[in-house]
Structure formats: C-alpha cells, structure tokens
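A.B. asks: The structure is given below, and queries will be raised subsequently.
Residue numbers (the working numbering): 1189 to 1368.
Shown next, in the form of structure tokens:
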C-alpha cells in the first residue's frame, strides 16, 4: 500500500531495512584488531565544557573536569553522583562526543570511562554505557548492534584489561567490577 501512496518513501524505507540487515549480519562476525591509531588528547580539552549545575551538570572533584555535563537528569545524573561519592573510584569522565568506535551501524560513543582504586576491585579500567532501561525490547536493534561491537572492540583493544558493559546503576557497575 505504501508503495502506491509514496513510492520514493517506500524505496527509502526498504533500502534502510536491507542495509540494517546487512550490517547486523556483518556484526555477527566482526572482529577488531589493535592498530597504531590513537585519539589525540586534544579530544578532552578542545571543547569547552558547558552546563548548568543542578540541571544538566554537577560539580566534580574526581572527574577530568570541574564540571560533569550529562545527557539525562535521571540515570546519568544519579550515576555521576555515585561515581563522585564512591571511595573505590579514582577518576572518571563522561566521554566526549568525539570519542567513538566505528561500527557497521555508524559511530558509537560510550558514556563513561572509569578508573577504580587498584586492589579494591577486579577490573580497574572500565568503560560504561548507562541505560535507563536494560530490557532488550527497549533497545533498538541498531543500539544493540553497536553495543555488541563495543564489547568486541574493548576486549580486543586491551586484551580484556579494559572491561566494557551496559549498566543502569552504579550498583550494577560495582557488582560487575567486584565479582567478574
């Protein structure tokens, strides 16, 4: 029916579905290998950090910046407050948008990089993605695919020394680094 009403839109939607299916098939077999490429440290200093304290930002003593700007008031703000107050956390940062992993579905930008106090947890270096809902049905196929790529990327990059996972609270993160 859509084809008759708007053939151009129909073709665009079908092409998008086909491309997503192709990317998902590639992701099932994707591997990452370390290269000599690095991100320039300017990535963390080039943009001015701007936010409104109490709205989309909070002051910090443990972050790379004096101010932590977050994307959502709920999950991310709560997570940042927990990182700030926990004694096992040495330093953390909300990763800038310019830090990304290339995937067949496009660029993927994890939320957080966290360094824990050595000796207090099993995984000292951790990259986290915070999601308000962890239910599979709430994550789009594209997001699930990018997360699968990120898991493979960090495992390959660091010989599993840098742990990556998706969490919805600091307690979930702590359980992962303490027990796994």
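The C-beta atom is built at its ideal place from N, Cα and C for all residues, glycine as well.
As the structure is a prediction and not an experimental result, all values here were calculated from the model.
Could you give the residue range of the beta strand (DSSP E) that holds residue 1304?
C.D. replies: 1300-1304 is the extent of the beta strand (DSSP E) around residue 1304.
A.B. asks: Alpha helix (DSSP H) containing residue 1363: first to last residue?
C.D. replies: 1358-1367 is the extent of the alpha helix (DSSP H) around residue 1363.
A.B. asks: So, are the CB atoms of residue 1339 and residue 1360 less than 9 Å apart?
C.D. replies: No; because the gap between Cβ atoms is not below 9 Å, this pair is not in contact.
A.B. asks: By Cβ distance below 6 Å, which residues in the same chain neighbour residue 1364 in space, the five residues on each side in sequence not counted?
C.D. replies: If we look at residue 1364 and ignore the five residues flanking it on each side, its Cβ neighbours are 1353.
A.B. asks: Measure the alpha-carbon distance for residue 1269 versus residue 1245 and round it to whole angstroms.
C.D. replies: So the two alpha carbons sit approximately 10 Å from each other.
A.B. asks: When the Cα of residue 1304 is compared with those of 1259, 1272, 1332, 1191, which residue comes out closest?
C.D. replies: Among 1259, 1272, 1332, 1191, the Cα nearest to that of residue 1304 is on 1272.
A.B. asks: Grab me the residues of residue 1211's own chain with a C-beta within less than 6 Å of its C-beta, minus the 5 sequence neighbours each way, in chain order.
C.D. replies: Result list for residue 1211: 1292, 1293, in chain order.
A.B. asks: Out of 1328, 1329, 1337, which has the shortest C-alpha to C-alpha gap to residue 1289?
C.D. replies: Taking only the C-alpha atoms, the option nearest residue 1289 is 1337.
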